[in-house]
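In the numbering used here, the protein residues as written are 505 to 1129.
Okay, here's the thing in structure tokens:
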């Protein structure tokens, strides 16, 4: 298995534009952000005032040995503590709301972007990549923006106030204390690149692990039947080992910040104590001049505490380096270009996915025409070349051919899941790009070979394409394709939970629900892509009879492997290498004695042999009984 099909940002430098893009989500909560900033400034200023209060208490109460004015001092001290507590509570509440709002907004925009993307996007984007971006990365970034930015504000304001106060008190001693800051800045600069590199690697490995988990869960049955547990375990162990190595390297480099800061903080504190102590004991001879004992205690406190916010900034910086890769990946997803879009003129008339203008949607007759259409999934590898086709309204057209011949491509182009690289597709005589995607796709009914059901009840899944349908309409749709038999046999009937992806139902049952869902939606164009391949022969015959009635007056395209299901199609097209090599009715193509004739006769003989074997088994069972 390979998990390398995701974007790699490892080689990119830190881009401030990325963070500016994300911070705009925080600015959507302007009042909360402003409240948080003001609260943090207030808390930081009060924190910086405590050493000054200690200074005052020592010089005015302790050394003189008097208690005069202590009451007013205590009142001021208690008042500042209460204000600080209120400010702290305020910014915690505000930051929590900002974090949740940022996470909500980014995920909403991300989900909308994924809804807008064409199939081409999902062809080259791994599920694990998308899951990691929208879950773990978004959570990390919302926390980063809401809390780390606040911590940066506090650390910056607190450090600035401390430095200003020290220079006001004694600029010479202040210079000695802050002299240890430049070495810290230099060390930080040299550690930046290494942290950045390994944190990016860790995030990339995390995406691959998420993808491996997803594939392991979805492919559990295949793994067991092929006895691949040991090989899969080894492959997964390789992924986790790579992530562990990158994470350990990043953690070791990040951890080197803290011993460095502690050491420099201890040096600054010891210098303040030694040199400042000389100013207290020998005021006339000291280089810094004479200072009071209270001032010395304040300087020692500032020197010790000054490096706490610097340490905090270093930790935030390390987190920032780690989150940079996540930021780049999330922004890349949010800003990923949508390959199939409507023009502004079309949106103005027909609306978009969020604001459809259904009153302007013309009814679809179902006339489909390909004119000189070419298409390729990859440059230089054409699937269709100068393809031409005209399907009349109400016609049932079957597509037959080998795997990779272009059958599903034709269907996907009609649905506008992809767009031609050359040529034009017309719906009802107009280039379908002149109308909105919603206009077209709202009139499509697509039944896949492997249907997908959503978590919820059977009723919810049938009603998925038409939420306002009544319960009776749901039951009618189910009866039309004979799905009502197995549904009503369930203990809860239509209220039976299908499980994630329809896991509680068989493949055939999921297919019947998928049919009912499409019928209820009442589309003008039906697409059946190997739609009955997972259904038993008896049920298939019942569905074929029902479909014949449903498709009357509607345009339909049937991609079929089992040729017995398309004998009554108005036109059968044999697709080979992206071109129509044979066309006609079932009888006409048999008369040609070409590819279709050979394929049909081959399947006919296989079905006869299978029927004989089934009858033989039935006779043997009777003898055994």
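By construction, the Cβ of each residue, glycine as well, lies at the ideal position given by its N, Cα and C atoms.
Backbone secondary structure at residue i - three-state DSSP
i, result
"residue 968", "coil"
"residue 921", "coil"
"residue 866", "coil"
"residue 1060", "strand"
"residue 579", "helix"
"residue 939", "coil"
"residue 597", "helix"
"residue 858", "coil"
"residue 788", "coil"
"residue 880", "strand"
"residue 1001", "strand"
"residue 660", "helix"
"residue 571", "coil"
"residue 848", "helix"
"residue 734", "helix"
"residue 934", "strand"
"residue 803", "helix"
"residue 795", "coil"
Neighbourhood of residue i by C-beta distance below 8 angstroms, restricted to the same chain and skipping five residues each side
i, result
"residue 614", "637, 638, 642, 834, 837 and 838"
"residue 804", "773, 776, 777 and 780"
"residue 840", "617, 621 and 625"
"residue 656", "817 and 820"
Option in the options with minimal Cα separation from residue i
i, options, result
"residue 884", "925, 873, 903 and 917", "925"
"residue 1020", "1004, 1066, 1083 and 952", "952"
"residue 986", "1003, 1051 and 1011", "1051"
"residue 844", "800, 920, 887 and 899", "920"
"residue 646", "555, 871 and 828", "828"
"residue 908", "900, 887 and 709", "887"
"residue 940", "858, 963 and 545", "858"
"residue 567", "759, 579 and 784", "784"
"residue 591", "635, 905, 546 and 904", "546"
"residue 631", "672, 652, 712 and 650", "712"
"residue 812", "604, 662 and 678", "662"
"residue 814", "846, 851, 685 and 869", "685"
"residue 767", "807, 738, 757 and 734", "807"
"residue 1109", "1085, 1084, 1081 and 1066", "1066"
"residue 650", "984, 526 and 732", "526"
"residue 679", "589, 792 and 906", "792"
"residue 771", "865, 688, 522 and 855", "688"
"residue 905", "559, 1099 and 960", "1099"
"residue 741", "756, 710 and 676", "710"
"residue 801", "677, 995, 1093 and 652", "677"
Nearest-angstrom Cα separation, counted from residue j out to residue i
i, j, result
"residue 853", "residue 861", "7 angstroms"
"residue 913", "residue 1001", "34 angstroms"
"residue 669", "residue 831", "38 angstroms"
"residue 946", "residue 824", "45 angstroms"
"residue 763", "residue 848", "58 angstroms"
"residue 1102", "residue 1034", "20 angstroms"
"residue 915", "residue 1061", "8 angstroms"
"residue 539", "residue 528", "17 angstroms"
"residue 923", "residue 879", "8 angstroms"
"residue 930", "residue 1085", "22 angstroms"
"residue 1072", "residue 1048", "10 angstroms"
"residue 555", "residue 609", "42 angstroms"
"residue 1105", "residue 1063", "19 angstroms"
"residue 917", "residue 1082", "13 angstroms"
"residue 1142", "residue 606", "Past the boundaries of the shown model lies residue 1142; the chain is included only from 505 to 1129, so the question cannot be answered."
Contact set for residue i: own chain, Cβ-Cβ below 6 angstroms, skip 5 residues either direction
i, result
"residue 973", "967 and 1024"
"residue 594", "543"
"residue 787", "794"
"residue 950", "1031"
"residue 572", "none"
"residue 714", "632, 635 and 636"
Same chain, Cβ closer than 7 angstroms to residue i, neighbours up to 5 away in sequence not counted
i, result
"residue 753", "702"
"residue 1161", "Here the chain has residues from 505 to 1129 only, and residue 1161 is not among them."
"residue 682", "667"
"residue 706", "747, 750, 751 and 754"
"residue 932", "868, 869 and 871"
"residue 1123", "Reliability of the predicted coordinates at residue 1123 is poor, the pLDDT of 46 falling under 50, and no value is obtained from them."
"residue 557", "581"
"residue 943", "854 and 865"
Neighbour flag for residue i against chain D, beta carbons, 9 angstroms
i, result
"residue 1079", "The chain labelled as chain D is not found in the depicted structure, where only one protein chain is given."
Checklist entry - Are the segment 999-1017 and the segment 1069-1079 in contact at 8 angstroms, needing three or more beta carbon pairs? => result no
Checklist entry - So does the segment 891-901 actually touch the segment 861-876, counting three or more Cβ pairs closer than 8 angstroms? => result yes
Checklist entry - Does the count of Cβ pairs from the segment 927-936 and the segment 1088-1096 closer than 8 angstroms reach three? => result no
Checklist entry - Per the contact definition of three or more C-beta pairs closer than 8 angstroms, is the segment 793-801 in contact with the segment 531-551? => result No, because fewer than three Cβ pairs between the segment 531-551 and the segment 793-801 fall closer than 8 angstroms, the two stretches do not touch.
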